[in-house]
Amino acid sequence: MRVEAIDLVTVPMHLAVPLRTARARRDERDVLLVHVRAAEADGWAECVAEPEPTYAPEFTEAARLVLRDHLVPRAWAGPTGDALALGSHLDTVRGHPMARAALELAVLDAQLRAADRSLAAWLGATARSVAPGAALGLHDAVEDLLAEADQALAAGAARLRVKVAPQRAAGHLEALRAHVGPGLLLQADANGSFAEDDPELDRLDGVGLVCLEQPLAPADLLGHARLAARLDTPICLDEPLTSLEAIEAAVALGACEVVCLKPARVGGWIAARAVHDRCVELGVPLWIGGMLETGIGRAANLAVAALPHVTLPPDLDPRGRFRPDLADSRLPVGGVVAVPDGPGTGAVPDEVLLEGADVVRGLRP
Ligand code: MG
């Protein structure tokens, strides 16, 4: 396969289910898509960068610029129709894993469509369906958290992951645990908002969480290691796990007992597969985190969520984040979401919604 042109497509989207975290609130998202055009097939991928650099240093405008001026020009230097070979050309750019991941996945998507093979099969996925997990936003009032939990459970969530912050963590989670009962899988994500000596973290230990995600600042691996020794609840890291090497270091330090794997945060789906395999060797559980993706990104995440060592439910909000969505939101049926088995990721954007898009068209060699 030979890539003929690459378009960068930005679609303004409104979140039907907004999300507030300890650091930001999301109501809108300019969704950046990479569209690879080849004679044999087209490929599509969603760049998951957010509008502001509050989760990671990357953000949508920066990702678009890096793709246009640095990553796409490097892609033309190599055999552009081979996603595996593409990596060595893109790796001269430091950082910007979400932009890199989108370009690599769009090429891989076109390649797999041309070969009539699904991304899930190519990655070695074994599950045909997965139970979805929901991420609940940060609320000031406990009643609002319980109401959102009821919505997510009614929609089919198999586990709840709750955004927390100081003073809105232990009391909220204790009330939620009492509300949903002892059996439901519960996680909390602090997005780095706690100080290590905060006693609220010890109180959270009594809630029976599957894991406590990113309690301390992303760079504070030693603090997370001390906290992991102090608490019974397994510590999960998200923000600092930007590569396989970063994950190995965090696990070796005792700072990370559960891995939140976001394929785009580690530079792509090929790297994500390597992370999965290394986590098997290390004996570290992992689950697939979400970045408020549209149906385009959800389909690609489902392929890694179906890998054999991914035992916890992924972020795949059963309420659907966008209405209308850019592609099939893949909402659960009978409590599970089917893993796409069509060619490539199995998702293409809705042409009507693309009419409002801002397109940088035809980046060529
Ligand atoms: Mg997180």
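Note that the working numbering has the sequence shown beginning at 843, numbered continuously upward.
Virtual Cβ for every residue (Gly too), placed ideally from N, Cα, C.
Straight-line gap, residue i to residue j (C-alpha atoms, nearest Å)
{"i": "D951", "j": "P1105", "result": "15 Å"}
{"i": "A1145", "j": "G1162", "result": "18 Å"}
{"i": "M855", "j": "L1083", "result": "28 Å"}
{"i": "A904", "j": "A1007", "result": "28 Å"}
{"i": "A847", "j": "A1148", "result": "31 Å"}
{"i": "G1065", "j": "L1073", "result": "12 Å"}
{"i": "R936", "j": "L1103", "result": "20 Å"}
{"i": "G1125", "j": "S1035", "result": "28 Å"}
{"i": "T1136", "j": "S1171", "result": "7 Å"}
{"i": "L907", "j": "D1039", "result": "40 Å"}
{"i": "G1198", "j": "H1021", "result": "43 Å"}
{"i": "L1205", "j": "D884", "result": "14 Å"}
{"i": "D869", "j": "F901", "result": "15 Å"}
{"i": "L1196", "j": "E882", "result": "22 Å"}
{"i": "A917", "j": "V878", "result": "11 Å"}
{"i": "V845", "j": "P915", "result": "13 Å"}
{"i": "R786", "j": "L980", "result": "Here the chain comprises residues numbered 843 to 1207, so residue 786 is not present and cannot be evaluated."}
{"i": "D1183", "j": "A969", "result": "11 Å"}
{"i": "T1187", "j": "A963", "result": "10 Å"}
{"i": "D992", "j": "L1063", "result": "35 Å"}
Delimiting residues of the beta strand (DSSP E) encompassing residue i
{"i": "G1204", "result": "D1200 to L1205"}
{"i": "D951", "result": "From DSSP, D951 is part of no beta strand (DSSP E) but of the alpha helix (DSSP H) over P939 to A956."}
{"i": "M855", "result": "V845 to R862"}
Residue i in three-state terms, based on DSSP
{"i": "V1190", "result": "coil"}
{"i": "H981", "result": "coil"}
{"i": "G1013", "result": "helix"}
{"i": "E1081", "result": "coil"}
{"i": "G1184", "result": "coil"}
{"i": "R1001", "result": "strand"}
{"i": "R1019", "result": "helix"}
{"i": "G929", "result": "helix"}
{"i": "D884", "result": "strand"}
{"i": "A792", "result": "Nothing can be reported for residue 792, as the shown portion of the chain is limited to 843 through 1207."}
Limits of the unbroken alpha helix (DSSP H) element including residue i
{"i": "E903", "result": "T902 to V908"}
{"i": "E870", "result": "Unbroken run through E870 is the beta strand (DSSP E), R867 to A880; no alpha helix (DSSP H)."}
{"i": "E1090", "result": "L1086 to A1094"}
{"i": "A914", "result": "Per the sequence presented here, residue 914 reads as Val, with Ala not at that position. Residues V914 to A917."}
{"i": "A962", "result": "L961 to L965"}
Expected contact under 8 Å - CB spacing of residue i and residue j to nearest Å
{"i": "L954", "j": "R942", "result": "With 8 Å as the limit, L954 and R942 do not qualify as a contact, their Cβ atoms being about 18 Å apart."}
{"i": "V1052", "j": "L988", "result": "Actually they do not touch by this definition, with Cβ atoms about 19 Å apart."}
{"i": "E1099", "j": "D1080", "result": "Rounded, the Cβ-Cβ distance is 13 Å, inconsistent with contact."}
is_contact[residue i, chain B] using C-beta, thresh 7 Å
{"i": "S971", "result": "Judged by its chain identifiers, the structure shown contains no chain B, having just a single protein chain."}
Discussion item. Threshold first: 4 residues or longer. Then list the alpha helix (DSSP H) segments lying entirely within the segment 1026-1073, N to C.
Written reply: Listed in chain order, they are 1042-1046 and 1063-1072.
Fill in: alpha helix (DSSP H) runs contained entirely in the segment 1104-1173, provided each spans 4 or more residues
Fully enclosed alpha helix (DSSP H) runs of 4 or longer: 1111-1124 and 1137-1147.
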